[in-house]
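>
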Amino acid sequence: MRTSTSHRYGRVAVGLHWLIAILIPLALASGYAADAVKTGQAAYLTFHVGAGSLAGILTILRVVWWWGFDTRPGADPATTPWARRAAGFVHGLLIVLPLLALASGIGLFAISGAGAVLFGGGTGALPVFENYPPRHAHGLVTRLLLICAGLHVAAALYHTFVLRDGLLDRMRLQDTMRSSGNRS
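Per my numbering, the sequence shown starts with residue 1, numbered consecutively.
(1) Span of the alpha helix (DSSP H) holding P98?
(2) Helix, strand or coil for G10, going by three-state DSSP, please let me know.
(3) Less than 7 Å between C-beta atoms, sequence neighbours within five positions excluded: which residues of the same chain meet that for L173?
(4) Could you work out which residue in A149, P127 and C148 is closest to D35 when comparing CA atoms only?
(5) Run the CB neighbour count on R62, radius 10 Å, all protein chains shown included, and call it buried at 16 or more, exposed below.
(6) Can the beta-carbon of G52 be found closer than 7 Å to that of A78?
(7) Measure the Cβ-Cβ separation of G113 and H138 and say whether it is below 7 Å.
(8) What three-state label does DSSP hand P73 in the structure shown?
(9) Less than 7 Å between C-beta atoms, sequence neighbours within five positions excluded: which residues of the same chain meet that for A86?
(10) If I measure Cβ to Cβ from L54 and keep anything under 6 Å in the same chain, skipping five residues before and after, which residues do I get?
(11) Candidates L100, A110, S4 and G56: which alpha carbon is nearest G68's?
(12) By DSSP, does P25 sit in helix, in strand, or in coil?
(13) Between L99 and chain B, is any beta-carbon pair separated by less than 7 Å?
(14) Quick check: what's the CA-CA separation for A103 versus L145?
(15) Between L168 and the rest of its own chain, which residues show a CB-CB distance below 8 Å, the 5 nearest in sequence each way excluded?
(16) Measure the CB-CB distance between L118 and P134 and report whether it falls below 7 Å.
(17) Measuring alpha carbon to alpha carbon, tell me which of I60, T80 and A83 ends up nearest L99.
(18) Between the Cα of G92 and the Cα atoms of G10, G50 and H152, which residue gives the shortest distance?
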């Protein structure tokens, strides 16, 4: 099933979710590593830019997918109204924050000239990113993204191990692929 049903996410939605879920921690870790090291910063930043850019682009594709081609499964009827609102808020932030991180990262690289140094054409040392306003916004957004991702994972674990309600099964790629049979 390529598109979602009222009870389960489709293949495209699940694939985008898990790709983004892999890329965001990689982008965060490599960004924090680049900030912490004294040597090798360029290698961490190159990886960070690639992972973060891809996560941002896939997030845009995810929004386009939801708006134009798919619908989300309905909320579990057993979910309380406050939990539904909290989940909706965190899910919304998990769309907005990667886009803000992408925009502030692009702004930082454009203003600082770091892109030319990292990806050819420029010479010299990397700039001191703290001297550029988008760096502060980028840092704040990534900290908020880390918090929201942690809340999202905690909620998934709570549903899986405490409530045991099978909610996470709606986002499993294996079941999605199996339920569609051998069709493409």
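Glycine included, C-beta positions come from ideal geometry on N, C-alpha and C.
Quick look at the numbers:
(1) Numbered from its first residue, the sequence shown carries residue 98 at position 98. Counting along the chain, the alpha helix (DSSP H) containing P98 begins and ends at P81 to S112.
(2) If you number the sequence shown from 1, residue 10 lands on position 10. Secondary structure of G10 (DSSP, three-state): coil.
(3) Mapped onto the sequence shown, residue 173 falls at position 173. Answer for L173: V14, G15 and W18, listed in chain order.
(4) Reading the sequence shown from its first residue, position 35 is the one you call residue 35. Out of A149, P127 and C148, P127 has the C-alpha closest to the C-alpha of D35.
(5) Counting from one through the sequence shown, the residue named residue 62 turns up at place 62. Label assigned to R62: buried.
(6) Position 52 of the sequence shown holds residue 52. Position 78 of the sequence shown holds residue 78. Not a contact, by the Cβ cut-off of 7 Å.
(7) Within the sequence shown, the letter at position 113 stands for residue 113. Within the sequence shown, the letter at position 138 stands for residue 138. In this structure, H138 does not lie closer than 7 Å to G113 by Cβ.
(8) As a working note, residue 73 is residue 73 in the sequence shown. Residue state, collapsed to three classes: coil.
(9) Locating residue 86 in the sequence shown gives position 86, where the first residue counts as 1. Result list for A86: empty, nothing under 7 Å.
(10) Within the sequence shown, residue 54 is the residue found at index 54, counting from 1. Only L23 meet the Cβ criterion.
(11) Position 68 of the sequence shown, counting from 1, holds the residue named residue 68. Cα-wise, what sits closest to G68 is S4.
(12) As a first step, residue 25 must be located in the sequence shown, where it is residue number 25. Reduced to three states, the DSSP call for P25 is helix.
(13) You won't find chain B in this structure, because it holds only one protein chain.
(14) In the sequence shown, counting from the first residue as 1, residue 103 sits at position 103. In the sequence shown, counting from the first residue as 1, residue 145 sits at position 145. When rounded, the distance between both Cα atoms is 14 Å.
(15) In the sequence shown, residue 168 corresponds to position 168, counting from 1. Cβ neighbours of L168 beyond the five flanking positions: A156, H159 and T160.
(16) By one-based count along the sequence shown, residue 118 stands at place 118. By one-based count along the sequence shown, residue 134 stands at place 134. Taking 7 Å as the Cβ cut-off, L118 and P134 do not qualify as a contacting pair.
(17) By 1-based counting over the sequence shown, the position of residue 99 is 99. Here the closest residue by C-alpha is I60.
(18) For the purposes of this step, residue 92 is taken as residue 92 along the sequence shown, with counting starting at 1. Answer by Cα proximity: H152.
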